[in-house]
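Have a look at the structure below, then the notes.
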Amino acid sequence: MSLLSVDALSVTFAGHATGRGAGRDTRAVDGVSFDVDEGQVVGLVGESGCGKSVTALALMGLLPRKGVSVGGRAEYDGADLLSMSEKQVRDLRGSRLAMIFQDPLSSLNPVVPIGIQVTEILSRHRGLKGEPARKEAASLLDRVGIPDPNRRLKEYPHQLSGGMRQRALIAMAVACAPRLLIADEPTTALDVTIQAQILELLKELVDQEGTALLMITHDLGVVAGLCDQVNVLYAGRAVETAGRRELFTHPTHPYAHGLLGSIPRLDAPRGEPLRPIRGSINDKIAWADGCAFAPRCDFYTMECLTGTPELTEPRAPGHQVRCVNPVLPAAGAEAADAAEPAGPAEPTAEVSS
8 MSLLSVDALS VTFAGHATGR GAGRDTRAVD GVSFDVDEGQ VVGLVGESGC
58 GKSVTALALM GLLPRKGVSV GGRAEYDGAD LLSMSEKQVR DLRGSRLAMI
108 FQDPLSSLNP VVPIGIQVTE ILSRHRGLKG EPARKEAASL LDRVGIPDPN
158 RRLKEYPHQL SGGMRQRALI AMAVACAPRL LIADEPTTAL DVTIQAQILE
208 LLKELVDQEG TALLMITHDL GVVAGLCDQV NVLYAGRAVE TAGRRELFTH
258 PTHPYAHGLL GSIPRLDAPR GEPLRPIRGS INDKIAWADG CAFAPRCDFY
308 TMECLTGTPE LTEPRAPGHQ VRCVNPVLPA AGAEAADAAE PAGPAEPTAE
358 VSS
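Numbers in my numbering are just positions in the sequence shown, counted from 1, shifted up by 7.
This is the structure we're talking about:
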């Protein structure tokens, strides 16, 4: 049984009463399903606006109570997170279920020292107070690679570098040894060296503690180096789901194919132009009318506009694609199965703005 099993998760934001688009609801997440096992790293990948972060916030119970409708099921250790009371979710959040947020500067309280923010978690979930809590907080900062942790405990978030702030968030997230950790773009806006250090730290947590990790990212370099299973999202739905090796070797949905094709490669001929995906995330149609990616797709046919495509397995068991005209490998290309994925080796290739 999976530690986390998400089934047909949907999140709808109610439309504004006045102004442009009055009364129009927005379906940010539309029937997303995936599983995360203990010690496994599962990736949610896609451009900004595809529903990755909203999925995470729904699982953590951090969406507003008013104006938001959440449907489906999200079973964590056999209990449905979406039907729990606020108190039950608070007891889980920070202890057995934790999240690393995208922007540490806005996630940390700017007027409270780092030490108080870390010890608050230790007090709430582990019952540590006073000097024992302070020592444990210093130990956590040291564990995530923050130098001189005793001094850093007294400092405010603005006194730390971006990498240190991100490490402080990670220290807070792992303070109670959670069984499931959700990381929402933890390397955004960090330089390459710090990105690699943060990813190595997360990998150690998974390997040493057996923590299940849900990695939300638009950086395919992160996916290539960290994730075991990948779910590619577009306009709130999963359009392709596969193991990391299978996805990088044979991207089958035109969107996933375009994401991988748009990454600059060191082995490309000098002067070769980049191959971006045309259009933007706003160039889409409703899933009820066909494939939402059709307006941007180089492979679309009229069949793409005649109904909602379902997830199928056109190529290999476990490799699911939501497309009526998938990009299948050419004859003879099956020999590439024996090769390593040609994905990027460094966590620096972002695919969205």
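Glycine included, each C-beta is placed from N, C-alpha and C at the ideal position.
Is residue i buried or exposed, if buried means 16 or more other CB atoms sit within 10 Å of its CB?
i	result
residue 23	exposed
residue 309	exposed
residue 338	Residue confidence is low: residue 338 scores 39 on pLDDT, short of 50, so the model does not pin down where it sits. Its coordinate-derived value is still stated next. Burial call: exposed.
residue 154	exposed
residue 2	One cannot answer for residue 2 here, as it falls past the ends of the chain, which runs 8 to 360.
residue 86	exposed
residue 238	buried
residue 244	buried
residue 296	exposed
residue 68	buried
residue 126	buried
residue 124	buried
residue 192	buried
residue 16	buried
residue 139	exposed
residue 214	exposed
residue 227	buried
residue 142	exposed
residue 261	buried
residue 95	exposed
residue 117	exposed
residue 159	buried
residue 230	buried
residue 319	exposed
residue 350	Here the model assigns residue 350 a pLDDT of 42, short of 50, so the residue's position is not dependable and the matter cannot be decided.
Just to check my reading of the structure: residue i and residue j have Cβ atoms closer than 8 angstroms, yes? What is that Cβ distance to the nearest angstrom?
i	j	result
residue 44	residue 10	6 angstroms
residue 316	residue 259	Wrong, their Cβ atoms sit about 12 angstroms apart, outside the cutoff.
residue 190	residue 148	So it is not a contact: roughly 18 angstroms between Cβ atoms.
residue 284	residue 177	The pair is not a contact, with the Cβ atoms about 32 angstroms apart (cut-off 8 angstroms).
residue 330	residue 246	7 angstroms
residue 128	residue 179	6 angstroms
residue 232	residue 206	6 angstroms
residue 18	residue 70	7 angstroms
Let me check understanding here. Comparing Cα to Cα, which of the options lies closest to residue i?
i	options	result
residue 201	170, 188, 193	170
residue 219	231, 235, 227, 228	235
residue 173	157, 158, 208	208
residue 97	131, 83, 119	131
residue 39	55, 47, 63	63
residue 37	47, 61, 46	61
residue 81	199, 66, 137	66
residue 328	304, 71, 248	248
residue 280	269, 59, 302, 286	269
residue 56	34, 324, 307	34
residue 334	157, 232, 306, 117	306
residue 78	120, 13, 117	13
residue 211	302, 21, 30, 181	181
residue 301	18, 326, 119, 265	265
residue 120	145, 195, 278, 282	145
residue 41	286, 336, 325	325
residue 298	21, 332, 99	332
residue 47	216, 75, 73	216
residue 288	240, 282, 21	240
Going by DSSP, which residues form a beta bridge with residue i?
i	result
residue 328	247, 319
residue 52	224, 239
residue 17	37, 78
residue 12	42, 82
residue 188	105, 220
residue 100	104
residue 87	82
- Query: Is the number of C-beta pairs between the segment 91 to 99 and the segment 37 to 56 that are closer than 8 angstroms three or more?
  - Reply: no
- Query: Are the segment 95 to 106 and the segment 184 to 194 touching, with three or more C-beta to C-beta distances below 8 angstroms?
  - Reply: yes
- For the segment 241 to 253 and the segment 266 to 279, state whether three or more C-beta atom pairs, one from each stretch, are separated by less than 8 angstroms. no
- Task: Indicate whether the contact test is met: 3 or more Cβ pairs, each with one atom in the segment 108 to 124 and one in the segment 149 to 164, closer than 8 angstroms.
- Result: yes
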